[in-house]
Amino acid sequence: MENSSAIIILFIFIVGISVLGAIPGMKHKMNSESWAVGDRNFGRWLNWFIMAGEVYTAFAFLGASGWAYAKGGPSFYILGYGSLAYMVGYYILPKICVYGHSHLLVTQGDLVEYLYSSRPLGILVSCIGVAFLLPYLQLQLTALGLIVEVASLGEISRITAMLIAFVMVAAFVFLSGLRGVASTALIKDIAMMLAMLFFGIYLPFHYFGGVGEMFAKIEAINPTYLIFPGSTKVLDVGWAMSTLCVMAAGFYMWPHFTTNTFSAKDPDVPRHNAVWLPVYHLLLICPMLVGFTALLVYMNNPLPVADMAFLYLVKDSFPVWVLGIVGGAGALACMIPAADLLLSTSLLISRNIYIKGFRGGDENVSPEHMKQAARYFILILTAVALYLSIFHANLLVNLLLTGYSGVTQFFPLIVFGMFWPKSSKLGAICGLLVGEFLVFYLMLNKMDPFPLMGIHFNAGFVALVCNFIVFIVVSLLTKEGKTKLQ
Amino acid sequence: MALRIFLTAVPFIWIIGALPWVNRVHPMIFGVPFLAFWIQLGVIISVFCIHTLYMIDKKNHAKADAEAAEHALDGHKSKEN
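Protein sequences appear in the order of chains S and L. Just so we're aligned, residue 2 is where the first sequence starts under our numbering, counting upward by one. Just so we're aligned, residue 402 is where the second sequence starts under our numbering, counting upward by one.
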């Protein structure tokens, strides 16, 4: 088969990374602190690669190019959200790290429980967190299936790919926990940086003689394609501004980032990385350049799946072994974030929902037992995620779309909870419920973006504003007096 | 203190606030639409802003972290009351 070289390369990537991820687990005996938060001694560069690894997922690789291909100008919001999120992170992550160290917190649920001295609130936030993590995890799997299918030129079906890769990810997370994620993130980020740089520059030059020439051609066909709202009617400047707000606030509200931050050696690590993570973000223009190139190249043969624009263009521009490499890098871009998501989701379920919710608390449970419980849930979660990805792919699409908007609703309660002494538990609950209700209501009624006076606003933004107002008002009205931790 | 507020605000004003005025294709700089160039420039400016904040804090951060840890314990106690 002419594409056997691609398949072999893909195989090497997928198996290779799984072995690499499993090594820490096989070399050291892992206690629960090691496994969940890497003994809390990850230095700045390891933390950089883990955090960068989480952002540069399949979304960055394929989604960014897919949006450039399909929507044009609106994709440029992707260029900006990182820096804003990192500025927010500069302020909140060091504090989160300190809390984690002094109180041995492991998950985002633990953090909330600590801030408000409320186990129930911690459990509520954990449940909502899991609800949004699951579709995000499922997305990585689905993307992986597609990538492998395209890169193997259809020889390997999506389902086979998903099964194999995901089982391997589950295996190395099971064995190595966060250390497995860290060691693999390094390789993955380097591979992705190289791939993005190379193709982002090469492809426009190859087809059109340069980046400027490529954009000039697009502008000649449709002058407004390259700005907001591009090819859409609703993704306008208002949408962009409100979406950037949502992403800046919501970025670090994803539960797995809290656990990643708890693994840092000291608060200076996230502070330092807030400076240097944006540098990686600059590279995101590269997949977009590929997407725009693809737009012109496939002008007369629209692609069936916009997210595959990058891969199709590589397939049609290079010998098949190159496709294998790109497919391999793409597979890693799915597997490693999936590993981190799987770890955090299983920790939230086993620790905050199962042990703290149903088994009366973690004080009497040994760390070894906690680790076993989390590992047990990894297996269950793997099965559930695979089942949903294979048989109910569409069911979770709505949940995913609400994903960012949904976790952003944690921002008032977590950030104010850390900085504003008047934050109250009741304020947190009310704000959160109002926010989540609005997110779901607006999404299900197709009111995202939300039109107001001729401009459009991200639905999550609308919900966040209401959430803030309710939180502040209720907190000001309630007196102090919350239940102690049992 | 005013410097801190300024440095923190600049990325937001540049990347979000300025959008209505920079949503344009021309002039194309380095071959990319002006909008894209503006945002990328904003990213670079953000690196400088955060870096400057980091340098300012470096002098105080050992002290600040110890205070934060203490405050974390105090805050926890006052929430229990």
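Even for Gly, the Cβ is constructed at its ideal location relative to N, Cα and C.
Under the Cβ criterion of 9 Å, Gly83/S is counted among the residues facing chain L. Between the segment 433 to 450 of chain L and the segment 279 to 286 of chain S there are three or more C-beta pairs closer than 8 Å, enough to call the two in contact. Among the residues facing chain S, Asn461/L is not included, as its CB has no counterpart in that chain under 9 Å away.
Note on Asn261/S: 16 or more other CB atoms within 10 angstroms of its CB, so buried under the neighbour-count rule. Taking a contact as a CB-CB distance under 8 Å, the pair Ala59/S and Gly325/S does not count as one, their CB atoms being some 17 Å apart. Counting only the Cα atoms, Leu122/S lies some 19 Å from Val474/S.
In terms of Cβ geometry, Lys447/S and Glu114/S do not form a close pair [threshold 9 Å]. The straight-line gap separating the alpha-carbon atoms of Ser76/S and Met454/S is approximately 24 Å. Separation of Val444/L and Gly362/S (C-alpha to C-alpha, rounded to the nearest whole angstrom) is 44 Å. Among the residues of the segment 420 to 438 of chain L, those with a Cβ less than 8 Å away from any Cβ of chain S are Leu420, Pro421, Asn424, Arg425, Val426, Met429, Phe431, Gly432, Val433, Pro434, Leu436, Ala437, in the order of the chain. Partner residues in the beta bridge of Leu453/S, as assigned by DSSP, are Ile456/S. Against chain S, the beta carbon of Ala469/L has neighbours under 7 Å at Lys96, Val99, listed in chain order. Taking 9 Å as the Cβ-Cβ cut-off, the segment 251 to 278 of chain S approaches chain L at Asp267, Pro268, Asp269, Arg272, His273, Ala275, Val276, Trp277, given in chain order. For Ile430/L, no alpha helix (DSSP H) run applies, since DSSP gives it neither H nor E. Annotation for Glu34/S: the continuous alpha helix (DSSP H) segment containing it runs 33 to 38. By the C-beta density criterion, Phe258/S is buried, having at least 16 other C-beta atoms within 10 angstroms. Listed in chain order, the beta strand (DSSP E) elements of length 3 or more contained wholly in the segment 237 to 263 of chain S amount to none.
Counted as a single uninterrupted DSSP element, the alpha helix (DSSP H) harbouring Asp317/S occupies residues 310 to 318. Chain S has a Cβ within less than 9 Å of the Cβ of Ile440/L. Under the criterion of beta carbons closer than 8 Å, Phe216/S and Leu227/S qualify as touching, at roughly 7 Å. Contact annotation: Thr108/S and Ser345/S have beta-carbon atoms nearer than 9 Å.
Arg120/S sits buried, since 16 or more C-beta atoms from the chains shown fall within 10 Å of its C-beta. Within 10 angstroms of the beta-carbon of Phe449/L lie fewer than 16 other beta-carbons, which makes it exposed. The continuous alpha helix (DSSP H) containing Gly292/S extends over residues 286 to 298. Counting C-beta atoms within 10 angstroms of its own C-beta, Asn48/S has 16 or more neighbours from the protein chains shown and is therefore classed as buried.
In the structure shown, Phe43/S falls within a strand segment according to DSSP collapsed to helix, strand and coil.
Per DSSP, the continuous alpha helix (DSSP H) segment holding Thr409/L begins and ends at 403 to 413. Ala419/L sits in coil when the DSSP states are folded into three classes, being neither helix nor strand. A straight-line Cα-Cα distance of about 9 Å links Ser35/S and Asn42/S.
Ala265/S is bridged by DSSP to Phe43/S. DSSP places Trp421/S outside both helix and strand once states are collapsed to three, so it counts as coil. With a beta-carbon spacing of about 4 Å, Ser347/S and Phe378/S fall inside the 8 Å limit used to define contacts.
Contact between the segment 381 to 389 of chain S and the segment 402 to 417 of chain S is absent: fewer than three C-beta pairs spanning the two stretches fall below 8 Å. Per DSSP, Asp190/S is one residue of the alpha helix (DSSP H) stretching across 159 to 209. Around the beta carbon of Gln139/S, 16 or more other beta carbons lie within 10 angstroms, which makes this residue buried. At least one C-beta of chain S is nearer than 9 Å to the C-beta of Ala473/L.
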